[in-house]
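Peer 1: Residue numbering for the sequence shown follows our numbering, beginning at 152 and increasing consecutively. Even glycine gets a Cβ: it sits at the ideal position worked out from N, Cα and C.
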Amino acid sequence: MGKNFGGFGGFGGGNMQAMMRQAQKMQQDAMKAKEELDNTVFEGTASGGLVKVEITGAHEMQSVKIDPSVVDPDDVEMLEDLVVAAFNDAKAKVDEAQSSKMGAFGGLI
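1) Using the beta-carbon count (16 or more within 10 Å), is V192 buried or exposed?
2) Can you tell which of A237, I206 and F256 has its C-alpha closest to the C-alpha of I217?
3) Once you ignore the five residues that flank V245 on each side, which residues in its own chain have a CB closer than 6 Å to its CB?
4) What separation, rounded to the nearest whole angstrom, lies between the Cα atoms of G254 and A181?
5) Relative to the C-alpha of G199, which candidate in L188, A184, N190 and L233 has its C-alpha closest?
6) Can you give me the start and stop residues for the beta strand (DSSP E) that F256 sits inside?
7) How big is the Cα-Cα spacing for G195 and M167?
8) Would A184 pass as a contact of K242 if the rule is Cβ separation under 8 Å?
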């Protein structure tokens, strides 16, 4: 009857500390993975690679490359559409990488 079952000295106080350390490590790992993704450059293409867009995992555009063969002054709208398509292709690759790499962390960040 003299046993103390309350507080951290009772049922598994050490387990709580271990769980907190594990949670902190997971959060640090998640932040590191997000930083790596944010700094990775992804390339999107359109029209068989005639238009290329590079963006980071943080969705910041790094470059746009346009083959002169798709530059038609009479059809600027087509070129605009190709740039948008290349960007969307790159963004889809970023989203896929984020889902794959960050999914294990269950939304810690």
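Peer 2: By the coordinates alone:
1) Within 10 angstroms of the beta-carbon of V192 lie fewer than 16 other beta-carbons, which makes it exposed.
2) Sorting A237, I206 and F256 by C-alpha distance to the C-alpha of I217 places A237 at the top.
3) In chain order, F193 and G208 place their CB closer than 6 Å to the CB of V245, counting only its own chain and leaving out the 5 sequence neighbours on each side.
4) Separation of G254 and A181 (C-alpha to C-alpha, rounded to the nearest whole angstrom) is 10 Å.
5) The candidate whose alpha carbon is nearest that of G199 is L233.
6) Here F256 belongs to no beta strand (DSSP E), and DSSP marks it neither H nor E.
7) If you take the alpha carbons of G195 and M167, they lie about 46 Å apart.
8) For A184 and K242, no; Cβs fall outside 8 Å.
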